[in-house]
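Colleague: Protein chains in written order, with the numbering used here: chain V, 1 to 310; chain R, 1 to 354.
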Amino acid sequence: MTANTFLTSIYGSLGQGLLYAPVAIGIYLSLRIMKKPDLTIEGTFAFGAVIAMTMLHHGAHFMTTLIVAPIGGAAAGLATALIHTKLKIDGIISGLLVTMALFSINLFVMGRSTISAPLDTFIFAPIRAQLAASGMQSFHALLWSYIIVGAIVLVVVIAALYFLYNTLFGLSIRATGDNERMACSIGINTDGRKICSLIVSNAITGLAGALVAQQQSGANVNSGTGVLIIGLAALVIGEIITPKNASILTRLLFIALGSFIYFSCISLVLITGILSPDWTRLLTALLALLALCMPKLREAIFKKRAVEIK
Amino acid sequence: MKKLKTLLAVALIITVGVAGLAGCAQDDTYDSTDDTYDSAQNDTPDSAAGTYDFTVGILSGAHIPAFELGRPGFEDRLTGLMEAEGLRVQFIYQNAGGDPAMSTTIANTFASRHVDLIFSMGTGASQQALPVATNAGIPLVYGIITDPVGAGLVTDVSTGSSSALPMETQIELLEELTGGTLNAENRVAFLYTTDEDNSVASLGRLQGVAPADTIVPFGIPANGLDHLQQLFINIAADPTIRAIYIPQDNQITGNMQMVQNLNRSQNPERRLPVVVADLPIVAEGAIASLSVDFSANGAAAADIAFDILVNGTWPQTFYSPTAASLSLYINATEAEAIGFVLPSAMADRANRTF
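1) Under 7 Å between beta-carbons, which chain V residues line up against Gly254(R)? List them in chain order, please.
2) Once the 5 residues before and after Ala350(R) are set aside, which same chain residues still bring their CB inside 7 Å of it?
3) Helix or strand or just coil, what does DSSP make of Val68(V)?
4) If you count every other CB in all the chains shown that lies within 10 Å of the CB of Arg71(R), and 16 or more means buried, which is it?
5) Strictly under 7 Å for the Cβ-Cβ distance: is Leu326(R) near chain V by that measure?
6) Rounded to whole angstroms, what is the Cα-Cα separation between Ile83(V) and Gly48(V)?
7) Give a single yes or no on whether Leu56(V) has its beta carbon closer than 6 Å to a heavy atom of the ligand GDP.
8) Roughly how far, in whole angstroms, is the beta-carbon of Ser201(V) from the beta-carbon of Gly26(V), given that I think they are within contact range, below 8 Å?
9) In three-state terms, what does DSSP make of Gln94(R)?
10) Could you check what DSSP says for Val274(R) in three-state terms: helix, strand or coil?
11) When burial is assigned at 16 or more other CB atoms within 10 Å of the CB, is Ala323(R) buried or exposed?
12) If the criterion is Cβ atoms closer than 7 Å, does the pair Asn261(R) and Ser161(R) meet it?
13) Is the Cβ of Phe139(V) closer than 7 Å to any Cβ of chain R?
14) Are the Cβ atoms of Leu206(R) and Phe218(R) separated by less than 7 Å?
15) Closest to Ser145(V) by CA distance: which of Ser267(V), Gln215(V), Ala21(V), Ile230(V) is it?
16) Kindly indicate which three-state DSSP category Ala62(R) falls into: helix, strand or coil?
17) Quick one: measure Cβ to Cβ for Gly226(V) and Leu18(V), integer angstroms, because I've assumed they're closer than 8 Å.
18) So, is the C-beta of Ala214(V) closer than 7 Å to a C-beta in chain R?
19) Look at the alpha carbon of Ala300(R) and the alpha carbon of Leu211(V), and state the distance between them as a whole number of angstroms.
20) Pick helix, strand or coil for Leu290(R), following the three-state DSSP scheme.
21) Over the uninterrupted alpha helix (DSSP H) stretch that includes Gly231(V), give me the two end residues.
22) Is Arg193(V) helix, strand or coil when you go by DSSP?
23) Would Phe294(R) and Leu69(R) be called neighbours here (beta carbons separated by less than 7 Å)?
24) With a threshold of 16 other CB atoms inside 10 Å of the CB of Gln316(R), please say whether the residue is buried or exposed.
25) Checking contacts by CB at 7 Å: is Arg349(R) closer than that to chain V?
26) List, in order along the chain, the chain R residues whose C-beta lies closer than 9 Å to that of Leu119(V)?
27) Taking the beta strand (DSSP E) that Ser327(R) belongs to, which residues open and close that run?
28) My understanding is that Ser197(V) touches Ser30(V), with C-beta atoms under 8 Å, so please give their C-beta distance in whole angstroms.
29) So, does the CB of Leu270(V) fall closer than 7 Å to a CB anywhere in chain R?
30) Tell me the DSSP secondary structure of Gly122(R) in three-state form.
31) What is the DSSP secondary structure of Phe218(R), counted as helix, strand or coil?
32) Could you please give the first and the last residue of the uninterrupted beta strand (DSSP E) stretch that includes Leu143(V)?
33) Could you pull out every unbroken alpha helix (DSSP H) segment of at least 4 residues lying fully inside the segment 169-233 of chain R, listed in chain order?
34) Give the straight-line distance between the Cα atoms of Ser103(R) and Thr134(R), rounded to the nearest whole angstrom.
35) Does the Cβ-Cβ distance between Ala76(V) and Thr54(V) come in under 7 Å?
36) Please determine if the segment 135-153 of chain R and the segment 178-186 of chain R are in contact, where contact requires at least 3 C-beta pairs separated by less than 8 Å.
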C-alpha cells in the first residue's frame with residue numbers, strides 16, 4: 001500500500017462519509033431525540049434514490065431531484081407517522097409496513113427493477129469537470145466532487161436542523177421525546193410533534209438516497225438494504241466521540257465525523273485485505289456494538305479509577 | 001376481547017377451509033393434467049385455449065436482460081417449429097421479479113391452468129418450479145442456467161439448455177486484449193459478489209484453467225455497492241492488473257454504469273479494459289464479451305421442448321454451449337473513451353460492435 005493509495009482511500013471515505021451522514025442524522029432525530037426507532041429509513045432511502053434516478057432518466061435537472069426526493073421521503077415518513085399515531089400501531093411495525101409498501105411503489109415509479117441516467121446529468125458532474133479542468137488527477141477529481149457536494153448539502157441540512165430544533169416548536173419536539181407524558185400535560189400536541197419528527201428525519205434520508213444514487217450511478221429496488229445499519233454504526237461512532245453536554249449543533253457535526261470514521265474503517269479493511277469483504281457486515285455490527293457499550297465500559301473504567309484514588 | 005377471539009376463530013376456520021378446498025381442487029387438476037399430457041395432441045385442457053394445440057407456461061426468475069432475450073428466442077423458435085407441423089401454441093408469461101415465493105406461486109398457477117410444459121429461466125426459478133412440475137407431471141424445460149447438474153435440475157421431468165461458458169475461451173479473449181499470456185506481470189481482476197453462487201462457481205472455473213495466481217478476486221458482499229469505489233482504488237494501485245473480468249453477476253452487471261464511471265475516472269494509464277460474461281452488458285460500458293447468445297440459448301431450449309411435446313422424445317442430455325456457438329460483442333465507443341486500442345483482428349470478427 002503506497003501513500004498515494006492510502007490518501008486516495010481517505011478521500012474516498014470522506015466523500016462517502018459525507019454523503020451517508022444525513023442518514024445517520026435522520027436516525028439520530030428519530031432514535032435519540034424522539035426516542036423511537038424508525039425502520040422506514042431503508043425504504044425511504046431507496047425511495048429517494050429511485051425518485052432521483054427516475055427524474056434524471058427522464059431529463060430533469062439535478063437540482064430538482066434535491067427538492068422532490070426529500071418530499072417523497074417526507075411523504076413516506078408521514079405515512080409511518082400516521083399509522084403509528086392515528087392507528088396506534090407499534091412504531092417498528094409501522095416502519096416495516098411502509099418499507100414493504102415502498103418496494104412496490106419503487107417498482108411502479110421506475111417501471112422496471114433498475115434505472116440509471118447519463119453520468120453528465122448528475123450533481124457531481126459540473127464540479128468534477130471543473131476540478132479536472134484545473135489540472136487535478138481525474139480519480140481525485142471524482143472523489144473531491146463527492147466531498148464538495150456532500151459537504152455543501154450537509155452544511156445546509158445541519159443549519160436547517162439547528163434552526164428548526166431551536167425554535168419553540170423544535171423545543172416542543174425535543175420535550176415530547178424526552179418525556180411524552182409531561183409534554184402532553186403542558187398542552188403540547190405530542191402526536192403532531194411525532195409526525196413532524198418523522199417527516200423531517202425521512203425527508204433528510206430521502207435526500208441522502210438521491211445523492212448516493214447519483215454517486216452509485218443508478219438505483220434499484222434494493223438500494224436501501226443495509227443502509228440502516230451503516231447509518232446506525234456512523235451514529236454511535238459519532239456519539240462516542242461527542243463531548244459531554246454538547247449542543248445539538250456539535251452533536252450533528254460529530255455524527256458526520258462518525259460517518260467518515262466508519263467508512264475509513266471499512267476502507268482500511270478492504271485496502272489491507274486482512275479480511276474478506278464478506279466480513280465487513282460483521283465488522284460493522286461489531287463497531288456499532290463497541291460504540292454502543294462504550295458508555296458502560298467508560299463508566300466501569302472510571303469507577304475503578306475513582307476507587308484507586310480513594 | 002371475546003368478540004375478537006370469536007372473530008379470529010371464524011377467520012381461522014375460513015382460511016383452513018379455503019386452503020383445504022384449494023388443495024383438493026389442485027389435486028384434481030394434477031390428475032387431469034397427467035391425462036392430458038398423455039393425450040396432449042387430442043384435446044387441450046384449458047377451455048380458454050380451445051383453439052391451441054399446446055399451452056406453454058414461461059416463468060422468468062427476474063427482470064434481467066438475459067431473460068428478456070431468452071424469452072423471445074424460445075417463443076419464436078417454438079412457434080416456428082409448431083407452425084411447420086401445422087400446430088398452434090400459446091404462451092403464458094409470468095415474471096417472479098427475483099422473489100422465490102413468487103416463483104412457486106407462478107409454477108402452481110401454471111399447474112392449475114393445465115399447461116403442457118413449463119419453460120423456466122434462471123437457476124432459482126427452475127429449482128422452485130421443479131417440485132410443482134414433478135408432482136403435476138408437467139415436463140420442465142429450463143434455459144440460461146450455469147450449472148444444471150449442481151443445481152439438481154437434471155431429473156426425469158426436467159431438462160433444458162445450460163449457459164455455462166467454456167472458460168478457455170474467456171482466457172483466450174483476455175490474453176488477446178492484454179496482448180500477452182497471463183502471468184505474474186499480466187493479471188486480471190475478477191470483480192464479483194462474494195455470495196452469488198454463479199459468480200463463485202465462475203471464479204473457480206476460470207482460476208482452474210488460468211495460470212496460477214493470475215485471476216485476482218475482488219469481491220463485494222450482497223448490497224455492497226458502497227465497497228466498489230474502494231475496490232477500484234485497490235485495482236488501480238496494483239500495476240500487474242491489466243484487465244477487469246465480470247462474470248454473470250446480477251449485482252455488478254445491474255450497476256455497470258458505476259463500474260464504467262469509476263473505470264473512466266481512473267488516471268489514464270489505469271483505465272482498464274472491462275470484459276463481461278453477458279453480451280447485452282457490453283453496450284453498458286464494457287469493452288468486450290465472448291459469450292452465449294441468450295436468444296439462441298432460449299431457442300435451444302425450444303428445440304428440446306418441441307421434441308418432448310410433439311415427437312414425444314426425451315433428450316439424452318441437456319444442451320451445453322460450445323466455443324463455436326459463442327458470440328463476440330465489442331464496444332468501440334467505450335474503448336475510445338478509456339483510450340484503449342482494440343486488436344484489429346477482434347474488430348473484424350465481432351458479431352456486433354457498439
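Using N, Cα and C, we set each Cβ at its ideal position, and we do this for glycine too. Everything numeric in this text was worked out from a predicted model, so none of it was measured.
Modeller: Looking at the coordinates:
1) Mapped onto the second sequence, residue 254(R) falls at position 254. By Cβ distance, chain V contributes Thr114, Asn220.
2) On the second sequence, position 350 is the one that residue 350(R) refers to. Within the same chain, Ala350(R) has close Cβ partners Leu328, Tyr329, Ile330.
3) Counted from its first residue, the first sequence places residue 68(V) at position 68. Val68(V): helix per DSSP, three-state reduction.
4) Along the second sequence, read from residue 1 onward, the residue named residue 71(R) stands at position 71. That one is buried.
5) The residue given as residue 326(R) occupies position 326 in the second sequence. Not one chain V Cβ lies under 7 Å of Leu326(R).
6) In the first sequence, the residue the question calls residue 83(V) occupies position 83. In the first sequence, the residue the question calls residue 48(V) occupies position 48. In a straight line, the C-alpha of Ile83(V) is about 21 Å away from that of Gly48(V).
7) Among the components of this structure there are no ligands whatsoever, and the ligand GDP is therefore not found.
8) Start at 1 with the first residue of the first sequence, and residue 201(V) comes out as number 201. Start at 1 with the first residue of the first sequence, and residue 26(V) comes out as number 26. Indeed they touch by this definition, with Cβ atoms about 4 Å apart.
9) Taking the second sequence and counting its residues from 1, one reaches residue 94(R) at position 94. Strand, per DSSP.
10) Residue mapping note: residue 274(R) aligns to position 274 of the second sequence, counting from 1. Val274(R): strand per DSSP, three-state reduction.
11) Residue mapping note: residue 323(R) aligns to position 323 of the second sequence, counting from 1. It is exposed - the Cβ of Ala323(R) has fewer than 16 other Cβ atoms within 10 Å.
12) The residue you call residue 261(R) lines up with position 261 of the second sequence. The residue you call residue 161(R) lines up with position 161 of the second sequence. No, the Cβ-Cβ distance between Asn261(R) and Ser161(R) is not below 7 Å.
13) Translated into positions along the first sequence, residue 139(V) becomes position 139. It does: the Cβ of Phe139(V) has a partner Cβ on chain R nearer than 7 Å.
14) Reading the second sequence from its first residue, position 206 is the one you call residue 206(R). Reading the second sequence from its first residue, position 218 is the one you call residue 218(R). Cβ distance not < 7 Å, so Leu206(R) and Phe218(R) don't count as in contact.
15) Counted from its first residue, the first sequence places residue 145(V) at position 145. The shortest Cα separation from Ser145(V) among Ser267(V), Gln215(V), Ala21(V), Ile230(V) belongs to Gln215(V).
16) Residue numbering aside, residue 62(R) sits at position 62 when the second sequence is read from its first letter. Note: Ala62(R) maps to coil in three-state DSSP.
17) Sequence index remark: in the first sequence, residue 226(V) carries index 226 (1-based). Sequence index remark: in the first sequence, residue 18(V) carries index 18 (1-based). With 8 Å as the limit, Gly226(V) and Leu18(V) do not qualify as a contact, their Cβ atoms being about 18 Å apart.
18) In the first sequence, counting from the first residue as 1, residue 214(V) sits at position 214. Contrary to the premise, residue 214(V) reads as Gln rather than Ala in this sequence. No - not a single Cβ of chain R is within 7 Å of the one on Gln214(V).
19) One-based indexing of the second sequence puts residue 300(R) at position 300. One-based indexing of the first sequence puts residue 211(V) at position 211. So the two alpha carbons sit approximately 44 Å from each other.
20) In the second sequence, counting from the first residue as 1, residue 290(R) sits at position 290. Strand.
21) The residue given as residue 231(V) occupies position 231 in the first sequence. Counting along the chain, the alpha helix (DSSP H) containing Gly231(V) begins and ends at 227-241.
22) Taking the first sequence and counting its residues from 1, the one referred to as residue 193(V) is at position 193. DSSP places Arg193(V) in helix when its eight states are reduced to three.
23) Along the second sequence, one-based indexing puts residue 294(R) at 294. Along the second sequence, one-based indexing puts residue 69(R) at 69. Cβ distance < 7 Å, so Phe294(R) and Leu69(R) count as in contact.
24) Mapped onto the second sequence, residue 316(R) falls at position 316. Gln316(R) comes out exposed.
25) Within the second sequence, the letter at position 349 stands for residue 349(R). Cβ-Cβ to chain V under 7 Å: no for Arg349(R).
26) The count along the first sequence starts at 1 and reaches residue 119(V) at position 119. Correct list: Gln257, Gln260, Asn261, Arg264.
27) Along the second sequence, one-based indexing puts residue 327(R) at 327. That run of the beta strand (DSSP E) goes 327-330.
28) As a position in the first sequence, residue 197(V) is number 197, starting the count at 1. As a position in the first sequence, residue 30(V) is number 30, starting the count at 1. Ser197(V) to Ser30(V), Cβ: 6 Å. Contact.
29) For the purposes of this step, residue 270(V) is taken as the residue at position 270 of the first sequence. Taking Cβ atoms only, chain R reaches closer than 7 Å to Leu270(V), which makes this a yes.
30) Within the second sequence, numbered from 1, the residue matching residue 122(R) stands at position 122. Coil, per DSSP.
31) Counted from its first residue, the second sequence places residue 218(R) at position 218. Three-state DSSP puts Phe218(R) in a strand.
32) Mapped onto the first sequence, residue 143(V) falls at position 143. Note, Leu143(V): premise wrong, no beta strand (DSSP E); alpha helix (DSSP H) at 138-164.
33) 197-209
34) Mapped onto the second sequence, residue 103(R) falls at position 103. Mapped onto the second sequence, residue 134(R) falls at position 134. Distance between the alpha carbons of Ser103(R) and Thr134(R): 15 Å.
35) Walking along the first sequence from the start, residue 76(V) turns up at place 76. Walking along the first sequence from the start, residue 54(V) turns up at place 54. Not closer than 7 Å, so no.
36) no
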